[in-house]
Amino acid sequence: MIQLFVLADSGVCRNGCFVDSRCLAVSITQAASVSKCYFSSSASVLTTLLITDPASITFMKKKDACKPGFEAVGGFCYFFSTNATNFTTAKSSCPSGIALAYPSSAAQMADLVANLNSNKSGKNDWWVDLTLNAEKWYWNDGKDFFQSGRPGEDLGTEDKYACARLHYEPPNYIYAPWNKECTDRFFFVCQYKE
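All residue numbers for the sequence shown refer to my numbering, where the first residue is 613 and numbers rise by one.
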């Protein structure tokens with residue numbers, strides 16, 4: 613929905629949009645003594661507001677891409693726990709409708725690992741939703757670990773070590789999947805798509 617306001621000052625236009633939670637953007641056209649403000653509360657209208665005449669200026673509110681407590685990383689929103697827990701508790705600790713992280717593509721894994729390397733120093737292990745089933749490793753989305761584009765060594769097939777975490781290990785000093793007993797306690801990562 614677009615609303616038109618004619619005001620004497622363009623600052624009033626910006627402030628009006630800022631305080632109105634329904635307003636996502638405002639396009640301002642300067643006239644001789646007044647400003648025409650086009651307020652939009654519809655995301656689909658934003659592109660229309662941006663393609664205005666050269667005398668117009670459009671201001672868009674910055675919307676947080678992720679829910680509070682989550683970080684935007686490569687098109688996904690991640691929650692990084694501050695407490696260590698076992699695998700089963702980690703899976704149930706993610707907020708409703710949000711899963712334990714399963715970076716099943718090479719690109720997603722690279723983005724997550726880069727974030728961990730630069731922002732989570734001192735925490736060497738993070739549970740992810742990679743589990744052993746019938747002697748094969750699968751991500752939460754059903755993708756086979758070795759067919760998901762992830763380089764890596766064999767995680768092993770012992771039932772005792774049926775869960776995996778991202779582990780920070782020399783000599784490469786990057787996070788990579790490693791198998792572990794599901795009862796061990798580590799931090800965990802939850803994810804959802806932006």
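Where is the CB? At the ideal position from N, CA and C, for every residue including glycine.
Within its chain, find whatever has a CB closer than 7 Å to the CB of residue 794; leave out the 5 residues flanking it on each side and keep chain order.
Taking the sequence shown and counting its residues from 1, one reaches residue 794 at position 182. Contacts found: 698, 699, 700, 774, 775.
Going by beta carbon distance, what residues of the same chain come within less than 6 Å of residue 768, once the five residues before and after it are set aside?
Reading the sequence shown from its first residue, position 156 is the one you call residue 768. Once the five neighbours on either side are set aside, the close Cβ partners of residue 768 are 791.
So within the region 703 to 770, which uninterrupted beta strand (DSSP E) runs reach at least 3 residues, ignoring any that extend past its ends?
737 to 745, 748 to 751
Which partner residues does residue 682 have in the DSSP bridge list?
In the sequence shown, the residue the question calls residue 682 occupies position 70. Beta-bridge pairing links residue 682 to no other residue.
Reference residue 798; option with closest CA among 709, 735, 708, 726
For the purposes of this step, residue 798 is taken as residue 186 along the sequence shown, with counting starting at 1. Selected option, being the one with the closest Cα: 735.
Leaving out five residues before and five after residue 756 in sequence, what residues of the same chain have Cβ atoms less than 8 Å from its Cβ?
In the sequence shown, counting from the first residue as 1, residue 756 sits at position 144. Closer than 8 Å at the Cβ level, and outside the excluded window around residue 756, lie 748, 749, 750.
For a test of the three-state rule: what should DSSP assign to residue 777, helix, strand or coil?
Position 165 of the sequence shown, counted from the first residue, corresponds to residue 777. In the structure shown, residue 777 sits in a strand (DSSP, three-state: E or B).
Per-residue DSSP class, three states only, for residue 795
Here residue 795 refers to the residue found at position 183 of the sequence shown. Three-state result, residue 795: coil.
Under a Cβ-count criterion, where at least 16 other Cβ atoms within 10 Å of its own Cβ denotes burial, should residue 703 be classed as buried or exposed?
For the purposes of this step, residue 703 is taken as residue 91 along the sequence shown, with counting starting at 1. Answer is buried; the Cβ neighbour count reaches 16.
Under 8 Å between C-beta atoms, does residue 696 make it to chain D?
The structure shown contains no chain D; it is built from a single protein chain.
Please report the distance separating the alpha-carbon of residue 724 from that of residue 686.
On the sequence shown, residue 724 is found 112 positions in, with the first residue counted as 1. On the sequence shown, residue 686 is found 74 positions in, with the first residue counted as 1. One C-alpha to the other measures close to 8 Å.
Do residue 787 and residue 729 have their C-beta atoms within less than 8 Å of each other?
Here residue 787 is taken as the residue at index 175 of the sequence shown, counted from 1. Here residue 729 is taken as the residue at index 117 of the sequence shown, counted from 1. For residue 787 and residue 729, yes; Cβs fall inside 8 Å.
Could you check the C-alpha separation between residue 678 and residue 805 for me, to the nearest Å?
Start at 1 with the first residue of the sequence shown, and residue 678 comes out as number 66. Start at 1 with the first residue of the sequence shown, and residue 805 comes out as number 193. Looking at the two C-alpha atoms, the distance is approximately 9 Å.
Given residue 739, which residues of its chain have a CB within under 6 Å of its CB, disregarding the five upstream and five downstream residues?
Position 127 of the sequence shown, counted from the start, is the residue given in the question as residue 739. Same-chain partners within the cutoff: 699, 702, 777, 798, 800.
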